[in-house]
Amino acid sequence: MLTYTLRRLLVAIPTLLLISLVIFLLVDLAPGSPASEIPLTVPAEVRMKMVEAMGINEPVHIRYLLWLKQFFWTEPLYAIDAAFGTSYADGAPRIISYSSKVPVMDYIGERLPQTLTVIGTAYLIAILIALPIGIYSAYRQYSWFDQVGTFVSMVGYSVPTFFTGLLAIIIFTTWLGWFPSIYNTSLQVVDWATFKQQVRQMFLPVAVLALFNAAELSRYTRSAMLENLSQDYARTARAKGLSEGTVVLKHVLRNSMIPVITVITLGLPAIFAGAIVTEQVFKINGIGAALIGAIHVNDLPVVQTIAFITAILIVLFNLVADILYGILDPRIRYE
Amino acid sequence: MSDATAATATPDREDAPRSLWRDVWDQFRMHRGAMVGLFVLSTLLIFVLIGPFIWTAEPIRVNPNTAEMFRSRNLPPSWSNPFGTDQVGRDIMARLMLGGKVSLAVGFVAMSVAVFLGTLIGLLSGYFRRLDGALMRLTDLFLSLPLLPLILVLTFLYGPRLKEMFGPNLGTFFILIIAIGLTSWMHVARIVRGQVLAVKEREFVLAARSIGTPARRIITRHILPNVLAPVMVAGALGVANAIITESVVSFLGQGFQSDFSTWGSMLNSAYYNQTYPMQMVWPGLAISLTVLSVNYVGDGLRDALDPRIRGR
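Going line by line, the protein sequences match chains S and E.
Remember, the working numbering sits 687 above the position in the first sequence when you count from 1.
Remember, the working numbering sits 17 above the position in the second sequence when you count from 1.
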């Protein structure tokens, strides 16, 4: 197991390097270069200085290596400095956003809490809703509960979040006026009143995202449960006189959870990338919104960094899912 | 159903030969959701393709007479505008028809690109062992990319160049197809590879090879038809995915411009005109219905093409 994990980690390094190259080149070789954003009225020597300050006068491979060094060496050093009050980084140049001139990592750090609270809560609630529904509809297959459940999950899975989000705004904000439609990022939770306000403004985005994620997860749970309920061991467990609750919730559920947990793990990186659409609809100032904003103003370092961090998380959680699968299912042996 | 009872009534009579697709269709008809989905999808297709010949209101151009245009803005539904008019006085039903044509075209063409790429890569890596490692690493690499951000980056950074070359609408169409096609072939490739690996060990492939059939013909004549079923299911679900992606990109203001109508861009402009919520309900409903029916059809197709289920 340990050697397998180590080997997978070693394989992940070239994969990540390749991904970083793809992301860097894709963004860097695009026709709209940041230099073209400088107005033509700027004199030539000033333009030269600006180009130099942005670091785009070097050839592509130098810039790529420089970016890699900043990403994997300088930024972690700054992180260590910030955490322990040391000064290893020693003023080395960081990845700077073109538009706001702050280090990209600080910018992401500012945006991350909103994304994590809203999208993380939505994911958690989705899991809590999806599992019981999936289990019960598989246990009572073709019952009215199952019929309604599968239909609702098909709808929830097919209707895009921007439409459910807009509908939720129309119904709960415009007509009923129960919840605000715009997320107030600067709200500080200090007492009960502000906590209630925070819950109210989180309600709509969380509900919309939870519905979408729960629809997908309950489909997986249902099919995994169905597969296991018809297995021989379930019949054996019943035959030896175990109660229905023990058979379903102990024997069958534990085996059905293996693929479901994998699916849940694989979905976790999406929490970081932020549900771009939901953040846009409810005007949550998170990572997704930061990415959209950066794309609009040609802020290449921000786009590259957010895309690459997401890719790292995807690779990492793929690995975690594989390892979890091996731990949970003793039949699977990685040698 | 009647076939089955007839067969049990007269067990000695040989059944007339039935083609595979006849069996598939019979099984497909048993799936109620899939039949409703097919019906809704055909209705939407008729609405989008034949509708504009019957309903000839102008979908794109704004009335040049400003006074008339102002009077016709944001009208509620009426006989002359069944779905009302939008913020510059254009008929929403005409815009829905045109927008649907574009959205469905993007969905189908992008899916075709993805299925073609995926089948090609899956066939190559399943059949030729030397290519397998490299192509599967490539597939893994693509699966690890953050797709929606990359599609947005592609459309935003490379879109202007294509728009210069092909004009604003055709350019957007091409960039969306390329971006969606390039980022959604991986699942098809994996499915096809798995199928090819299983099929190529079968006796008929060995027989074909032993009489000296070249690899190209073995692939096209013997292997490809046998991997078609899962590809069709993946393709059906891919259409839904591509339609959603197109509308997401347009909704975020990166795809088609809001004066040209697609369901996504109509939602985008309605989002900034929230006083009239019904304007966002129609395109949103159209997207949701399309995706829902395509998903149901895909589900039914999967059941119908699965011989283990069809046998029963």
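Glycine included, each C-beta is placed from N, C-alpha and C at the ideal position.
- At a cut-off of 8 Å between beta carbons, E/Pro242 makes no contact with chain S.
- Shown here is that no member of the segment 190 to 204 of chain E has a Cβ falling below 8 Å from a Cβ of chain S.
- Spatial neighbours of S/Asn915 in its own chain (CB-CB distance under 6 Å, excluding positions within 5 residues in sequence) are listed in chain order as Val939, Asn942 and Ser943.
- Put simply, the backbone Cα of S/Arg694 is about 16 Å away from that of S/Leu1011.
- The contact set of S/Gln801 on chain E, defined by CB atoms closer than 9 Å, is empty, because the minimum CB distance reaches about 17 Å.
- At least 8 Å separates the CB of S/Asn900 from every CB of chain E.
- Taking the Cβ atoms as the reference, E/Leu318 lies roughly 6 Å from E/Ala253, within the contact range of under 8 Å.
- Counting along the chain, the unbroken alpha helix (DSSP H) around E/Val222 starts and ends at Glu220 to Ser227.
- E/Pro231 is bridged by DSSP to nothing; it lacks a bridge partner.
- Annotated three-state conformation of E/Thr307 is helix, per DSSP.
- Rounded to the nearest whole angstrom, the CA to CA distance from S/Gly843 to S/Gln888 is 22 Å.
- Scanning chain S for C-beta atoms nearer than 9 Å to the C-beta of E/Tyr289 yields nothing, as the closest lies near 11 Å away.
- At a Cβ-Cβ threshold of 8 Å, S/Ile971 and S/Pro892 count as neighbours.
- Residues of chain S whose Cβ lies closer than 7 Å to the Cβ of E/Ser282 do not exist, since the nearest Cβ in that chain is about 12 Å away.
- Residue contact with chain E for S/Pro847: present (Cβ-Cβ distance below 8 Å to some residue of chain E).
- Per the Cβ contact rule, the segment 828 to 840 of chain S is not in contact with the segment 283 to 293 of chain E (fewer than 3 Cβ pairs under 8 Å).
- Here the alpha carbon of E/Ala321 sits roughly 19 Å from the alpha carbon of E/Ser59.
- Burial state of E/Arg112 is buried, judged by a 10 Å Cβ sphere holding 16 or more other Cβ atoms.
- In this structure S/Leu929 does not touch S/Phe1004 by the C-beta definition: roughly 36 Å separates them, more than the 8 Å allowed.
- For E/Asn312, a Cβ of chain S is located within less than 8 Å of the residue's own Cβ.
- Between S/Asp1009 and S/Val805, the alpha-carbon positions lie close to 27 Å from each other.
- Boundaries of the alpha helix (DSSP H) around S/Ile948: Leu940 to Gly954.
- Of the candidates S/Leu753, S/Thr872, S/Met841 and S/Ile996, S/Met841 places its Cα closest to the Cα of E/Leu306.
- Annotation: the segment 776 to 848 of chain S contains the following complete segments of the alpha helix (DSSP H) (minimum length 4 residues), in chain order: 791 to 826 and 831 to 845.
- Closest option to E/Pro300, judged by alpha-carbon separation, among E/Lys118, E/Met153, E/Trp72 and E/Arg39: E/Lys118.
- E/Leu174 sits buried, since 16 or more C-beta atoms from the chains shown fall within 10 Å of its C-beta.
- S/Ile979 is a Cβ neighbour of E/Leu269, given a cutoff of 8 Å.
- Interface with chain E (8 Å Cβ-Cβ cutoff): S/Thr861 is included.
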